[in-house]
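Participant:
Number of protein chains: 2
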Amino acid sequence: MRREDAVLERIAAIVGRRTIPPGEVHVGDDAAVLAPIVGETLVSTDVAVLGVHLDPELFPLEDLGYKAVASAVSDLAAMGGRPRAAVVAVSSPPGTDLEELHRGIADAAAMTNCPIVGGDLTRARDVSVAVTVIGETPGRGSVLRSGAQPGDTILVTGPLGRSSAGLRRRRGGAPLDDALVVAHRRPWPRLAEGIAARHAEVNAMMDLSDGLGLDLHRLANASRVGFVLTHLPIADGATEDEALGGGEDYELVMTTKDPARLQAIFFSRGLRAPIEIGLVVKDVTTRTWRGEPLDALGWQHEL
Amino acid sequence: MRREDAVLERIAAIVGRRTIPPGEVHVGDDAAVLAPIVGETLVSTDVAVLGVHLDPELFPLEDLGYKAVASAVSDLAAMGGRPRAAVVAVSSPPGTDLEELHRGIADAAAMTNCPIVGGDLTRARDVSVAVTVIGETPGRGSVLRSGAQPGDTILVTGPLGRSSAGLRRRRGGAPLDDALVVAHRRPWPRLAEGIAARHAEVNAMMDLSDGLGLDLHRLANASRVGFVLTHLPIADGATEDEALGGGEDYELVMTTKDPARLQAIFFSRGLRAPIEIGLVVKDVTTRTWRGEPLDALGWQHEL
């Protein structure tokens, strides 16, 4: 056995499931085979690059794998879906600790109940992890970001800015197990909340990957509406700037005509109460925070 | 609109379909939404890196995009499936012609009838394209590489070595439109042949991405069998070494108890007759070509 096949076997032992559902084939064939998917199929892909998405001076390599999987799974949560499978394409220079990287991948896969069913490995100068997740939306349809209606209440699933605050604290010397640093290293996709919101028939939903100050504009653009932001839930230890402009919180933002029903469904499922933050308005140019115009804030790549 | 969102809009115009099936959502939301998938779902991922998988001195950038999509779709062909959707994660340094790269991606997507439903863009030192394809196997089950039985006839869907010969010719100065150079630049996934082979109930199948001399060992390893290779179909203009050890031909290799039935089904569908190349044997250590032991030949990454 040559080098590549040998490495693939070791990695399969790290990310592979011991128990595979009947009729499914995961790693080892040309493609993975999944049992039939219920309802709509969801697909999303995310790539994370060492030095761009993760500073190797501050964080262990396994965090790159964890965060790549978690951010992709969060896209399924944002549609109200549940994960069925993920595939992972890893590029890396010689000498990269691929086993450590895949331990982070396996950890996120286990936390989100999303089996890794295939992958690809290749040589490159950068370490990068491209994750594609497949999900399903049984029952009622997937929730789009384009469905917000004037008069809807806007809510988020939790206080914001934890991830940015954790990054700031780590840069200031906080240990890897500091609570906010952990929030940055180990984001938790809001799968249960997304499914509850779909059952509550919210009009629009998305996950906050680049910060509320940018993502809320994206939701408003897709829905051709405006918004009036009246309340900003700031996480303990975070600043207002971090809550508004900081990315990677992966909380969900939702809009609904019936916030009381949403609250009741979250309560009945034992989920933390969603927090009202504002209203959807008809005029697309109205985008305000505390009555002042809110420009698009947040993080975008320069490409 | 900031830089990343603006680039994404231009790329969506290149790769996006003008007509989207009812109930589907392609680019623009957190995840793509596909209408229900028929039968088993197939998933495969492949990453192609400029300078590793494609020499930028010899080939235009669009070939990287084309080949990344084609090699992933070929994995669906190898299971007897048909494509439903692909997502593409592109990493690149500033200044990369992302529109040219995505024209190659769009070209392969159109040729294989596999819509690009989502993607991700990020900054990196390398130009790399990670493609994940979703396919379906309606009717009879997907064909695995692990099903070969002693006594099976081994067949391939076409003569081998065209891609390697084309690369050699290009290195020697042949133009981009030389027939063998085109075979290297524009591989054609054998989707119709894979579906025909599935309907003919072949026992095992895989695509030849790394060369028959390596891939046949992989099929034999997965099936716990040996093989006796008796005939090697060499493409016009290729050498025996290229036919045996050259990668990226993407022809399919199949094993079946009933080669006459396979030939009849291919004939009835207007497909080129598959070529018999040898036999599957019970002893796993028997791996011969013209009666001599055949070591694993072909291309693997050093990781």
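Taken in sequence, the protein lines are chains A and B.
Sequential numbering of the first sequence, starting at 1, is according to this note's numbering.
Sequential numbering of the second sequence, starting at 1001, is according to this note's numbering.
In this text, a Cβ means the ideal position worked out from N, Cα and C, and glycines have one as well.
Using 10 angstroms around the beta-carbon of A:V38, count the other beta-carbons present and answer buried if the total reaches 16, otherwise exposed.
Facilitator: So A:V38 counts as exposed.
Participant: Is A:M1 helix, strand or coil when you go by DSSP?
Facilitator: For A:M1, the pLDDT reaches just 41, beneath the cut-off of 50, and the residue's location in the model is therefore unreliable, although a value from the coordinates is still provided. Coil, per DSSP.
Participant: For the alpha helix (DSSP H) that contains B:P1259, what are its first and last residues?
Facilitator: Counting along the chain, the alpha helix (DSSP H) containing B:P1259 begins and ends at 1259 to 1268.
Participant: Rounded to the nearest angstrom, what separates A:V117 and B:V1143 at their Cα positions?
Facilitator: When rounded, the distance between both Cα atoms is 17 Å.
Participant: Inspect the beta-carbon positions of B:A1204 and B:R1269 and report whether they are closer than 8 Å.
Facilitator: No; because the gap between Cβ atoms is not below 8 Å, this pair is not in contact.
Participant: Could you check the C-alpha separation between B:H1231 and B:I1277 for me, to the nearest Å?
Facilitator: Each residue's Cα considered, the two are about 5 Å apart.
Participant: Can you name the residues that DSSP bridges to B:G1226?
Facilitator: Answer is B:V1281, bridged to B:G1226.
Participant: With a threshold of 8 Å between beta-carbons, can B:R1002 be considered close to chain A, or not?
Facilitator: Confidence at B:R1002 is low in this model, with a pLDDT of 49, below 50, so the placement of that residue should be treated as unreliable; the coordinate-derived value is given next. Taking Cβ atoms only, chain A reaches closer than 8 Å to B:R1002, which makes this a yes.
Participant: According to DSSP, simplified to helix, strand and coil, what is B:D1126?
Facilitator: It is coil, neither helix nor strand.
Participant: Tell me which residue opens and which closes the beta strand (DSSP E) that B:L1294 is part of.
Facilitator: From DSSP, B:L1294 is part of no beta strand (DSSP E); its letter is neither H nor E.
Participant: Rounded C-beta distance between A:D46 and A:V131? I'm assuming under 8 Å.
Facilitator: Correct: roughly 5 Å between the Cβ atoms.
Participant: Measuring alpha carbon to alpha carbon, tell me which of B:L1271, B:L1212, B:D1030, B:M1111 ends up nearest B:G1194.
Facilitator: When only C-alpha atoms are compared, the closest one is B:L1271.
Participant: A:D46 bridges to which residues according to DSSP?
Facilitator: According to DSSP, which records beta bridges pairwise, A:D46 is partnered with A:V131.
Participant: Are A:D63 and A:D207 touching if we call contact CB-CB under 8 Å?
Facilitator: Contact flag unset, no.
Participant: Grab me the residues of B:A1086's own chain with a C-beta within less than 8 Å of its C-beta, minus the 5 sequence neighbours each way, in chain order.
Facilitator: If we look at B:A1086 and ignore the five residues flanking it on each side, its Cβ neighbours are V1069, A1072, V1073, A1109, C1114, P1115, I1116, V1117, V1131, T1132, V1133, I1134.
Participant: Examine chain B for any beta-carbon lying closer than 8 Å to the beta-carbon of A:A124, and answer yes or no.
Facilitator: Interface residue, yes.
Participant: Could you confirm whether any beta carbon from chain A is found closer than 8 Å to the beta carbon of B:G1039?
Facilitator: Interface residue, yes.
Participant: Where does the unbroken alpha helix (DSSP H) through A:D63 begin, and where does it stop?
Facilitator: 62 to 77 is the span of the alpha helix (DSSP H), which, as asked, contains A:D63.
Participant: Just how far apart, CA to CA, sit A:A35 and B:T1041?
Facilitator: If I take the Cα positions, the gap works out to 7 Å.
Participant: Using a Cβ-Cβ distance cut-off of 8 Å, determine whether A:I134 contacts chain D.
Facilitator: Note that chain D does not occur in the displayed structure, where the protein chains are A and B.
Participant: In the DSSP assignment, find the alpha helix (DSSP H) that holds B:S1164 and state where it starts and stops.
Facilitator: Residues 1162 to 1171.
Participant: I need the straight-line Cα distance from A:M254 to B:L1212, nearest angstrom please.
Facilitator: Each residue's Cα considered, the two are about 53 Å apart.
Participant: Taking buried to mean at least 16 other C-beta atoms within 10 Å of its own C-beta, is A:E242 buried or exposed?
Facilitator: Buried.
Participant: Please go through the same chain and pick out, in chain order, the residues whose beta-carbon is closer than 7 Å to the beta-carbon of A:R261, but skip the five residues on each side of it.
Facilitator: Within the same chain, A:R261 has close Cβ partners A200.
Participant: Helix or strand or just coil, what does DSSP make of A:I311?
Facilitator: The structure shown does not extend to residue 311 of chain A, since chain A spans only 1 to 303, so no value can be given for it.
Participant: Alpha carbons only, please: which of A:G81, A:A48, A:A197 is nearest the one belonging to A:E136?
Facilitator: Comparing Cα-Cα distances from A:E136 to each of A:G81, A:A48, A:A197, the minimum goes to A:G81.
Participant: Against chain A, with Cβ distances strictly below 8 Å, would B:A1031 count as a contact?
Facilitator: Yes, B:A1031 counts as interfacial toward chain A.
Participant: For B:P1187, which residues in the same chain have their Cβ closer than 8 Å to its Cβ, ignoring the five residues on either side in sequence?
Facilitator: Hits under 8 Å: K1067, A1070, S1071, S1074, S1163, E1248, D1249, Y1250.
Participant: Please go through the same chain and pick out, in chain order, the residues whose beta-carbon is closer than 8 Å to the beta-carbon of A:P22, but skip the five residues on each side of it.
Facilitator: Taken in chain order, the residues that qualify are A35.
Participant: Would you say A:M79 reaches chain B, if we count a Cβ-Cβ gap shorter than 8 Å as a contact?
Facilitator: So yes, A:M79 belongs to the interface.
Participant: Is the shortest distance between the beta-carbon of A:G270 and the beta-carbons of chain B less than 8 Å?
Facilitator: No, its Cβ sits nowhere closer than 8 Å to a Cβ of chain B.
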